[in-house]
Every structure is written in C-alpha cells, then in structure tokens.
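To start, the structure under review is shown below, and the notes come after it.
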Amino acid sequence: MIPSNAAWLVLALIGLAAAIALAGLNELTRERIDQEQTARAMSAVTGMLPADSYDNDLLDDSTTLSIAGFERVAIVYQARMAGEPVAAVIDVTTPRGYSGDIRLLVAVDAGGTVLGVDVLEHRETPGLGDRIESRRSDWLRQFVGRSLNDPEPAGWAPDRRGGEFDTLTSATITVDAVVDAVRRALEAFESRDERLFSDPQAMRDST
Amino acid sequence: MSEGTANIWRNGLWDNNPGLVQLLGLCPLLAISSTTVNGLGLGLATTVVLLVTSAAVSLLRSALAPEIRIPAFVLIIATTVTAVDLVLQAWLHDLSRTLGIFVPLIVTNCTILARAEAFASRRPLAAAVHDGLAQGVGFAAVLILLGAGRELVGHGTILADLDLLLGERFADFSVQVLPFDSGLLIALLPPGAFIGLGLMVALRQHLIQRSQPEPRMVREHEEPAQS
Chain A
28 MIPSNAAWLV
38 LALIGLAAAI
48 ALAGLNELTR
58 ERIDQEQTAR
68 AMSAVTGMLP
78 ADSYDNDLLD
88 DSTTLSIAGF
98 ERVAIVYQAR
108 MAGEPVAAVI
118 DVTTPRGYSG
128 DIRLLVAVDA
138 GGTVLGVDVL
148 EHRETPGLGD
158 RIESRRSDWL
168 RQFVGRSLND
178 PEPAGWAPDR
188 RGGEFDTLTS
198 ATITVDAVVD
208 AVRRALEAFE
218 SRDERLFSDP
228 QAMRDST
Chain B
4 MSEGTANIWR
14 NGLWDNNPGL
24 VQLLGLCPLL
34 AISSTTVNGL
44 GLGLATTVVL
54 LVTSAAVSLL
64 RSALAPEIRI
74 PAFVLIIATT
84 VTAVDLVLQA
94 WLHDLSRTLG
104 IFVPLIVTNC
114 TILARAEAFA
124 SRRPLAAAVH
134 DGLAQGVGFA
144 AVLILLGAGR
154 ELVGHGTILA
164 DLDLLLGERF
174 ADFSVQVLPF
184 DSGLLIALLP
194 PGAFIGLGLM
204 VALRQHLIQR
214 SQPEPRMVRE
224 HEEPAQS
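So the protein sequences, as listed, match chains A and B. Position one of the first sequence corresponds to residue 28 (this note's numbering), numbered consecutively onward. Position one of the second sequence corresponds to residue 4 (this note's numbering), numbered consecutively onward.
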C-alpha cells in the first residue's frame, strides 16, 4: 500500500516537531553536560596529588605523550612548585583489557616513582575485573612507591605470570593490562622528550 | 478507580506484565539488573518513556493513517528516548554513566512499540496514560526485584551506590545483608540474569496455579508485537 499524500505530510510534520524539540533540548542541556564531564575529569586529576604539593594550575598545564605500543596518546598534567617540575598525572588508555579499553590515571613524581594509580573507565567483568577499582579493593595501592627499576623489568607482570604484582583471582588479563599500562606510562615518562615540563610560556606560545 | 483502569493496572503489574509474561525488552532487563539501583534507574527511565510515548501516540491516533503508523511510533519513541538520555546526562550524570548504552537502547525495547501499537493507538488519552504507567511500573518492578536478588546473592548488599541516583546524601545507604564481599559470582554475570528471571517467571506461574488449578487465559486479547 502506498501512503497517501496526507499520510506523508503527517509523518513529515511529526519528524519536524521531533527535530525542533530535540534541537531545543540539546541547546538547553549541552552546557550542563559539558560542565559535568569537565568537572568529573578535573576532580579525578587533581585528586591524584596532594593539593599543597604544587602551585600551578594543573589542568591548564597539560601536554601529550605518545606511549610505545599504544595507538592513543596519553595526556600529561604537569605539576610544578615555583616553576620546578614536581610531579605529573598521566591519563593513559590501554586497549588490552578483558573487554575493551581501560583508562587509568598514573601519578608520578619528577624522579619517576609512582605516587598513585586510579581507574577512570573500564568495562571489565562485574565482580571479577572490576575489583581493580579503588573503591572495591586495595589492589591499586601496590603500585605506590614503585618505579621502573622496582621491580626489575621482568617483574612488571602479574605473579601468575612470574611477576611481582598480586593477581586478582580470575582476572589475570585485566591485571596484566593495568600493570602493562602503568609500566608503559613510566617508560614514556622516563624517556620523555623535551616538551615535557618545558617552559609553560613557550608551550603556550606553541599551541 | 473505574473498572477499566483497574484492569489496565492489573494487566501491567501482573496478568500481562511486560517482563514476566510478555517477556519483552529482555535485552535491557537482563543486562542492567545486576544491582537494585541500576534496576531502579533503568526502570524509571523506561517508565517515563512509556508514559510520554503512550500519551503522544494516543493524542495523534486519529491523524495517523495505518500505513505510516509504525514509522510514526518509531519516530516518537526515538525522540523521547533521546530527550530522556540528554536529561539524564545533564542532571544525573553519574547514573547515566552507569546505565551507559542501555538508555539509548530503550529505543529497541519492544515493550514500548508493543504498547503503542496494541493499546495507545486505539484508546483515549487517559487510558493510554494509565497503561503506559502501569506497564512501566510493572517492568520497573521486575527490574528492581531481579536487581535486588542478584545484588544480594552476588555482593551481599542491597541498595549499594544509591548515591548515583539520589545524590551524595545517600552514599552510605547501602545495607550489607550477607556477610561477604564477593559472593556467588554467577548471579552478577549474564547467566545469573537468565536464571533469576526464570525463577521469577516460575514463581509467578506457581502462585497462579496454586490459586486456581486451571491455568487462566491471559486477559488481554491482543497479540504482543514481535520483537
């Protein structure tokens, strides 16, 4: 049955009304959604370092870092005290999770020692892989104080695979992905190019 | 409440419950019911969508020629779901992150198209609104019960993460009912959802058969839409 002209018109009108309503709502909510997303990202990043350990605007002082083996570049937030580098928060995403990307924040001091690791986003199995989340277990705490030489490179693996990091039962792939991502982030930070912690003024000019 | 309205509610909650009898919308039902709060959130969102689409379809029913009926329903449903998704993102951001892809997927919940086609497009506004609400509440009740059961068996808690839905004040509202941290994992994984829903359907059948030995015909004489 071929719809009559009147029927087409009704359908077109409904489509038009829907488009107008959605455009209006989008306009109304866009700013708030942006704010929510930025606020979440900001509080996660600033939460990685003690507030009195740096005096610059952490979120405004970021650069990118390519991580060997990962397609996606990491974002590095640079903390400085009186202009001197003190620490950095690396926002790194690993594609090696059990079910897709795991996005981590790795805080390191200027010497390359881990200050803390947090999981921002993941889709790991509820009850198994999601125990990497800091609110579900203390597992992430074992990275604190580690660096590229502690343990030795061979030790950067889950203990199931001969490394030095605790494995969460039935979540070896997840654990391996996180350990691997932290190590790669540290390596990239160590072998950093001169853009990292370059003069903030020079950086701002170049962007 | 008139006889007709009472019937609509009995259909939505029990006789023709979308989750337990029509078995429609199983994808979001099974995927999201891992905790009570997720069930509550998706249940509320689905109810709102059902309410709005039922009302809109009922109001437009005389203008909708049969041949454009289904595309018009789909258009109305998609618009409503997008609107709900935007509102959730703006004002309940944490919850919308938890519910993730499943809010947009309400579009594919065949309960909604089924109610538009089988009920709202043939009835006046008041009846359609009641039906949308009743079916939504019935669906939400199944989601919440299934979520509570799975959370209890899997985590030993009830109402964990309520703050995602209602704000910071409710952060410590969760009740640790059973004394373990990680319980029976299968309850949280997809098979647990199927087993839990199966048990609920079986329990409903059991209750019906106990109250009257002959299995009763489903009251509503309408074909549920194919999903």
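No residue lacks a Cβ here, since even glycine has one placed at the ideal position from N, Cα and C.
Give a yes or no on whether 8 Å exceeds the smallest Cβ distance from B:Pro74 to chain A. yes
Cα-Cα, which of A:Leu175, A:Gly138, A:Glu58 and A:Gly189 is closest to A:Asp203? A:Gly189
Can you check which of these residues, B:Trp94, B:Leu187, B:Arg126 and B:Leu146, is closest to A:Ile60 by C-alpha distance? B:Trp94
Residues of its chain near B:Ser124, where Cβ-Cβ distance is below 6 Å and the 5 sequence neighbours each way are ignored: Val60 and Arg64
Residues in the same chain with beta-carbon distance under 7 Å from A:Arg211, minus the five sequence neighbours each way, listed in chain order, please. Ile94, Ala95, Gly96 and Phe97
Quick one: give me the first and last residue of the beta strand (DSSP E) that A:Asp118 is part of. Glu111 to Gly124
Compare the C-alpha of B:Ser57 against each of B:Pro194, B:Gly159, B:Ala137 and B:Phe197 and name the closest. B:Ala137
Taking the continuous beta strand (DSSP E) assigned at A:Met108, which residues delimit it? Ala101 to Met108
Listed by chain order, chain B residues near A:Leu52 by CB distance under 7 Å: Ala86 and Leu89
Pick from B:Gly201, B:Leu155 and B:Leu54 that is closest to B:Leu191, judged by C-alpha positions: B:Leu155
Who are A:Gly143's beta bridge partners in DSSP? A:Ala134
Taking the alpha-carbon positions, what's the A:Met75 to A:Thr65 distance? 16 Å
For A:Gly127, the three-state DSSP class (helix, strand or coil): strand
For B:Leu206 and B:Thr111, what's the separation of their Cα atoms in angstroms? 27 Å
In chain A, what lies closer than 9 Å to B:Ile109 by C-beta? Those within 9 Å of B:Ile109 in chain A number zero; the least Cβ separation is about 15 Å.
Do A:Ile117 and A:Val135 come within 8 Å of each other at the CB atom, strictly closer than that value? yes
Classify A:Glu151: buried if its beta carbon has 16 or more other beta carbons within 10 angstroms, exposed otherwise. buried
Going by C-alpha to C-alpha distance, which of B:Val77, B:Gly141 and B:Leu16 sits closest to A:Leu38? B:Val77
Would a check of beta-carbon distances place A:Glu191 closer than 8 Å to chain B? no
Assuming the contact rule is C-beta atoms closer than 8 Å, A:Thr90 and A:Leu223 should be a hit. Round their C-beta distance to whole Å, please. 6 Å
Give the straight-line distance between the Cα atoms of B:Ser177 and B:Ala163, rounded to the nearest whole angstrom. 4 Å
If I measure Cβ to Cβ from B:Val84 and keep anything under 6 Å in the same chain, skipping five residues before and after, which residues do I get? Val52, Ile109 and Val110
CB of B:Ser37 within 8 Å of CB of B:Leu146, strictly: no
Relative to the alpha-carbon of A:Thr56, which residue among B:Asp88, B:Gln215, B:Ala130 and B:Asn19 has its alpha-carbon at the smallest distance? B:Asp88
Classify B:Pro127 as buried or exposed, calling it buried when 16 or more other Cβ atoms lie within 10 Å of its own Cβ. exposed
I need the straight-line Cα distance from A:Val171 to A:Leu142, nearest angstrom please. 5 Å
Test item: CB-CB of A:Ala137 and A:Val103 under 8 Å: no
Just to check my reading of the structure: A:Ala184 and A:Val206 have Cβ atoms closer than 8 Å, yes? What is that Cβ distance to the nearest angstrom? 6 Å
Under 9 Å, CB to CB, which of the residues in the region 39-50 of chain A have a partner in chain B? Leu40, Ile41, Gly42, Ala44, Ala45, Ala46, Ala48 and Leu49
Would you kindly work out how many angstroms separate the C-alpha atoms of B:Arg153 and B:Gly199, rounded to a whole number? 7 Å
Taking a Cβ distance cut-off of 8 Å, strictly less, list which residues of the region 56-71 of chain A are near chain B, in chain order. Thr56, Arg59, Ile60, Glu63, Gln64 and Arg67
Between the alpha carbons of A:Asp84 and A:Ala106, how many angstroms are there, rounded? 8 Å
Chain A within 8 Å of B:Ala70, Cβ atoms only: Ala is not the amino acid found at residue 70 of chain B; the sequence shown has Glu there. Closer than 8 Å to some Cβ of chain A, the Cβ of B:Glu70 qualifies, so yes.
Who are the neighbours of A:Ala34 on chain B, taking C-beta pairs under 7 Å? Ala68, Glu70 and Ile71
Can you tell me the Cα-Cα spacing of B:Leu16 and A:Tyr125, whole angstroms? 39 Å
Which whole-angstrom value is the C-beta distance of A:Asp145 and A:Ala71, which I expect to be below 8 Å? 7 Å
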